[in-house]
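Take the sequence shown: its letters are residues 3 to 141, numbered as in our numbering. Here a beta-carbon is modelled for each residue, glycine too, at the ideal position from N, C-alpha and C. As the structure is a computational prediction, the values presented were derived from the model and not from experiment. Okay, so here's the structure we're looking at.
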Amino acid sequence: YYGRIMEEKGFVKKGFSKNVLDREKKGSTIVGKGIAIPHAKQEFVKKSKICIIKLENPVAWNDNKLNLIILLALKFNDIYTTKTFFRNFYSILENDDLVKKIMNADNVLDIIEVFIDGGICNEWFDYERYDFIRFRSKW
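Spelled out as C-alpha coordinates, the structure:
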(Lines of atoms letter the chains of each structure in order from A and count residues from 1; the text may use other names and numbers.)
(Lines give C-alpha, C1' and ligand atoms only; values in the text may rest on other atoms or scores of the structure.)
Protein backbone atom coordinates (compact mmCIF):
# COMPACT_ATOMS: atom_id res chain seq x y z
CA TYR A 1 0.00 0.00 0.00
CA TYR A 2 2.65 2.54 1.03
CA GLY A 3 4.88 1.54 -1.87
CA ARG A 4 2.06 2.36 -4.28
CA ILE A 5 1.60 5.74 -2.60
CA MET A 6 5.32 6.39 -3.12
CA GLU A 7 4.86 5.46 -6.79
CA GLU A 8 1.85 7.78 -7.14
CA LYS A 9 3.77 10.65 -5.55
CA GLY A 10 6.63 10.14 -8.02
CA PHE A 11 9.27 9.26 -5.41
CA VAL A 12 9.86 5.86 -7.02
CA LYS A 13 9.29 4.29 -10.40
CA LYS A 14 6.38 2.07 -11.33
CA GLY A 15 7.22 -1.44 -10.26
CA PHE A 16 8.75 -0.40 -6.92
CA SER A 17 6.00 -2.08 -4.91
CA LYS A 18 6.26 -5.32 -6.88
CA ASN A 19 10.03 -5.33 -6.48
CA VAL A 20 9.66 -4.85 -2.71
CA LEU A 21 7.32 -7.86 -2.54
CA ASP A 22 9.59 -9.94 -4.81
CA ARG A 23 12.56 -9.05 -2.60
CA GLU A 24 10.66 -10.11 0.51
CA LYS A 25 9.93 -13.52 -1.06
CA LYS A 26 13.67 -14.10 -1.52
CA GLY A 27 14.46 -13.37 2.11
CA SER A 28 12.82 -11.66 5.03
CA THR A 29 13.72 -8.07 5.80
CA ILE A 30 12.79 -8.44 9.46
CA VAL A 31 15.67 -7.17 11.59
CA GLY A 32 14.19 -8.14 14.95
CA LYS A 33 12.67 -6.17 17.81
CA GLY A 34 9.38 -5.89 15.90
CA ILE A 35 10.99 -4.04 12.97
CA ALA A 36 11.15 -4.78 9.25
CA ILE A 37 12.98 -2.81 6.58
CA PRO A 38 11.47 -3.80 3.22
CA HIS A 39 13.14 -2.28 0.18
CA ALA A 40 13.50 -2.54 -3.58
CA LYS A 41 16.46 -2.35 -5.93
CA GLN A 42 17.82 1.15 -6.32
CA GLU A 43 16.96 1.15 -10.04
CA PHE A 44 13.33 1.73 -8.96
CA VAL A 45 14.21 4.81 -6.88
CA LYS A 46 13.99 8.34 -8.25
CA LYS A 47 14.76 10.11 -4.97
CA SER A 48 15.78 8.53 -1.68
CA LYS A 49 12.91 8.36 0.79
CA ILE A 50 12.10 6.55 3.99
CA CYS A 51 8.49 5.77 4.83
CA ILE A 52 8.05 5.17 8.56
CA ILE A 53 4.98 3.10 9.39
CA LYS A 54 4.34 2.71 13.12
CA LEU A 55 1.48 0.34 13.69
CA GLU A 56 -1.05 0.77 16.46
CA ASN A 57 -1.47 -3.00 16.67
CA PRO A 58 1.28 -5.45 15.71
CA VAL A 59 0.85 -7.44 12.50
CA ALA A 60 2.04 -10.96 11.76
CA TRP A 61 4.80 -11.10 9.17
CA ASN A 62 6.78 -14.28 8.47
CA ASP A 63 5.98 -15.73 11.90
CA ASN A 64 6.97 -12.47 13.64
CA LYS A 65 4.98 -9.64 15.14
CA LEU A 66 5.83 -6.25 13.66
CA ASN A 67 5.25 -2.87 15.24
CA LEU A 68 7.36 -0.78 12.90
CA ILE A 69 7.93 -0.99 9.16
CA ILE A 70 10.60 1.22 7.67
CA LEU A 71 10.08 1.14 3.91
CA LEU A 72 13.37 2.11 2.29
CA ALA A 73 13.65 3.68 -1.14
CA LEU A 74 17.38 4.30 -1.36
CA LYS A 75 19.65 5.49 -4.13
CA PHE A 76 23.26 6.26 -3.34
CA ASN A 77 25.95 7.76 -5.55
CA ASP A 78 28.96 6.06 -3.99
CA ILE A 79 29.96 3.21 -1.69
CA TYR A 80 31.16 5.53 1.09
CA THR A 81 27.77 7.19 1.40
CA THR A 82 26.06 3.80 1.30
CA LYS A 83 28.27 2.38 4.06
CA THR A 84 27.86 5.50 6.20
CA PHE A 85 24.09 5.39 5.92
CA PHE A 86 23.81 1.72 6.85
CA ARG A 87 26.36 1.96 9.66
CA ASN A 88 24.33 4.77 11.24
CA PHE A 89 20.98 3.14 10.44
CA TYR A 90 21.88 -0.22 11.97
CA SER A 91 23.53 1.38 15.00
CA ILE A 92 20.14 2.91 15.77
CA LEU A 93 18.26 -0.35 15.26
CA GLU A 94 20.75 -2.29 17.39
CA ASN A 95 20.45 0.14 20.31
CA ASP A 96 17.73 -1.13 22.65
CA ASP A 97 17.19 2.29 24.24
CA LEU A 98 16.70 3.98 20.86
CA VAL A 99 14.36 1.24 19.64
CA LYS A 100 12.34 1.61 22.84
CA LYS A 101 12.20 5.38 22.26
CA ILE A 102 10.93 4.77 18.71
CA MET A 103 8.33 2.23 19.82
CA ASN A 104 7.08 4.51 22.61
CA ALA A 105 7.00 7.66 20.47
CA ASP A 106 3.76 9.61 20.58
CA ASN A 107 4.26 11.18 17.17
CA VAL A 108 6.25 10.72 14.01
CA LEU A 109 8.51 13.70 14.71
CA ASP A 110 9.86 11.92 17.80
CA ILE A 111 10.77 8.94 15.61
CA ILE A 112 12.47 11.14 13.03
CA GLU A 113 14.44 12.84 15.81
CA VAL A 114 15.92 9.47 16.81
CA PHE A 115 17.11 8.90 13.24
CA ILE A 116 18.50 12.42 12.89
CA ASP A 117 20.32 12.17 16.22
CA GLY A 118 21.67 8.81 15.03
CA GLY A 119 23.33 10.39 12.01
CA ILE A 120 20.86 9.65 9.25
CA CYS A 121 20.39 13.30 8.27
CA ASN A 122 23.78 14.61 9.36
CA GLU A 123 26.39 16.12 7.06
CA TRP A 124 25.93 13.20 4.65
CA PHE A 125 22.16 13.49 4.30
CA ASP A 126 20.22 16.72 4.48
CA TYR A 127 16.54 17.26 3.80
CA GLU A 128 17.23 18.34 0.22
CA ARG A 129 19.04 15.12 -0.57
CA TYR A 130 17.47 12.65 1.83
CA ASP A 131 13.89 13.14 2.90
CA PHE A 132 11.70 11.34 5.38
CA ILE A 133 8.14 10.89 4.28
CA ARG A 134 5.51 10.24 6.84
CA PHE A 135 2.19 8.52 6.49
CA ARG A 136 -0.29 8.20 9.30
CA SER A 137 -1.01 4.84 10.79
CA LYS A 138 -1.22 5.60 14.49
CA TRP A 139 -1.21 9.39 14.46
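For the candidate residues the options, whose alpha-carbon lies nearest to that of residue i?
i           : options            : result
residue 45  : 110, 62 and 79     : 79
residue 67  : 31, 93, 109 and 53 : 31
residue 116 : 106, 105 and 100   : 100
residue 48  : 92, 15, 20 and 19  : 15
residue 58  : 73, 118 and 106    : 106
residue 95  : 64, 65, 36 and 41  : 36
Rounding to the nearest angstrom, what Cα-Cα distance links residue i and residue j in this structure?
i           : j           : result
residue 121 : residue 90  : 6 Å
residue 129 : residue 108 : With a pLDDT of 37 at residue 129, under the threshold of 50, the predicted position of this residue should be treated as unreliable, and no value is reported.
residue 17  : residue 11  : 13 Å
residue 8   : residue 75  : 9 Å
residue 43  : residue 4   : 16 Å
residue 71  : residue 112 : 16 Å
residue 104 : residue 114 : 9 Å
residue 118 : residue 65  : 31 Å
Using the rule of at least 16 other Cβ atoms within 10 Å of the residue's Cβ for burial, across every protein chain shown, is residue i buried or exposed?
i          : result
residue 38 : buried
residue 34 : exposed
residue 88 : exposed
residue 61 : exposed
residue 69 : buried
Over the uninterrupted beta strand (DSSP E) stretch that includes residue i, give me the two end residues.
i          : result
residue 45 : Looking at the DSSP string, residue 45 is not in any beta strand (DSSP E), and its letter there is neither H nor E.
residue 14 : Element bounds for residue 14: n/a, residue is neither H nor E.
residue 66 : 66-75
What span of residues does the alpha helix (DSSP H) with residue i cover, start to end?
i           : result
residue 104 : 98-105
Check: Would the segment 15-26 and the segment 50-59 be scored as touching if the rule is three or more Cβ pairs under 8 Å?
Finding: no
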